[in-house]
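All remarks here apply to the structure that follows.
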Amino acid sequence: MFAFPFFRRDFPALKGNRISLRAPQANDYQEWADLRGASRAFLEPWEPRWASNELERSAWRRRLNRYRADFASGHAMAFFIFDNFSGKLVGGITLGNIRHGVAQNAQIGYWIGEQFAGQGLMLEAVLLLCNHAFDTLRLHRIEAACIPDNSRSIRVLEKAGFRREGLLRSYLRINGDWHDHYLYALIAQDRNGGWTKG
């Protein structure tokens, strides 16, 4: 099994023009909780149902432990997104279900604080992470699933060069209910046809 090295020391930091990606750290808790709390109504329609202790420190510690375990096993890489100018946390992005061998693929998921939405920051984050997935991890295909009503997320994926491949019926349980999702994918060769690197 392919495995990534130790989480804190060797986890990559990725820098773009306006934003940077790095591993979540213990001292990010308050900024993360504040941003997620302020954006709750904005985020809840597109995410799994929030637990009653979603923003408490104990839940945060469990989340960090899961991030570290997933990275150590080579299954996922969770990043926080920071604005390069203000240094503020603006959201998060994950490369998950990483598979090597004959598949060489992964799935991408992301969230952004309401106050930072619509500024092109998530598009840059998606491009940065896709570059890393293709160029460093040597993946061949990246997938994303999106609720058909989530027009903001659809715009991000399509601007990043992802192509809609179909409809997945009753695919994920979001905010307590099963939802259909569009399946989007970007493959390595797509970058040769005008795809913009971050």
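In the working numbering, the protein residues as written are 168 to 365. Ideal placement from N, C-alpha and C gives every residue a C-beta, glycine not left out.
Nonlocal neighbours in the same chain, by C-beta distance under 7 Å from residue i, ignoring five residues either side
i, result
"Arg-322", "none"
"Leu-231", "Pro-191 and Ala-193"
"Ser-206", "Gly-280 and Glu-281"
"Arg-336", "Asp-347"
Helix, strand or coil at residue i [DSSP, three-state]
i, result
"Ile-314", "coil"
"Trp-278", "strand"
"Leu-231", "helix"
"Leu-306", "coil"
"Gly-204", "helix"
"Val-257", "strand"
"Trp-217", "coil"
"Glu-223", "coil"
"Phe-173", "Reliability fails at Phe-173, whose pLDDT of 37 lies under 50, so the model's placement of it is uncertain and the value that follows must be treated cautiously. Coil at Phe-173, not helix or strand."
"Phe-329", "coil"
"Ala-243", "coil"
"Phe-252", "coil"
"Asn-184", "coil"
"Asn-194", "helix"
"Ala-284", "coil"
"Ala-273", "strand"
Residue i and residue j closer than 9 Å at C-beta
i, j, result
"Phe-249", "Ala-190", "no"
"Phe-283", "Ile-309", "no"
"Ala-243", "His-307", "no"
"His-348", "Ala-312", "yes"
"Arg-216", "Arg-340", "yes"
"Val-293", "Ala-245", "no"
Residue range of the beta strand (DSSP E) that includes residue i
i, result
"Val-293", "Element bounds for Val-293: not the beta strand (DSSP E) but the alpha helix (DSSP H), 288 to 302."
"His-346", "344 to 354"
Beta-carbon proximity list for residue i, same chain, < 6 Å, skipping 5 on both sides
i, result
"Ala-200", "Leu-222"
"Arg-263", "A quick correction: the sequence has Gly, not Arg, at residue 263. Contacts found: Ala-243 and Gln-274."
"Asn-317", "Trp-213"
"Glu-332", "Leu-350 and Ala-352"
Best match in the options for proximity to residue i [C-alpha to C-alpha]
i, options, result
"Leu-188", "Ser-253, Asn-232, Gly-259 and Glu-211", "Gly-259"
"Leu-181", "Tyr-351, Asp-302 and Gly-276", "Asp-302"
"Asn-272", "Ala-300, Phe-252, Asn-251 and Ile-279", "Ala-300"
"Leu-334", "Gly-343, Asn-342, Ala-352 and Asp-344", "Ala-352"
Same chain, Cβ closer than 8 Å to residue i, five either side skipped, listed in chain order
i, result
"Arg-319", "Ala-284 and Gly-285"
"Gly-287", "Arg-185"
"Leu-153", "The structure shown does not extend to residue 153, since the chain spans only 168 to 365, so no value can be given for it."
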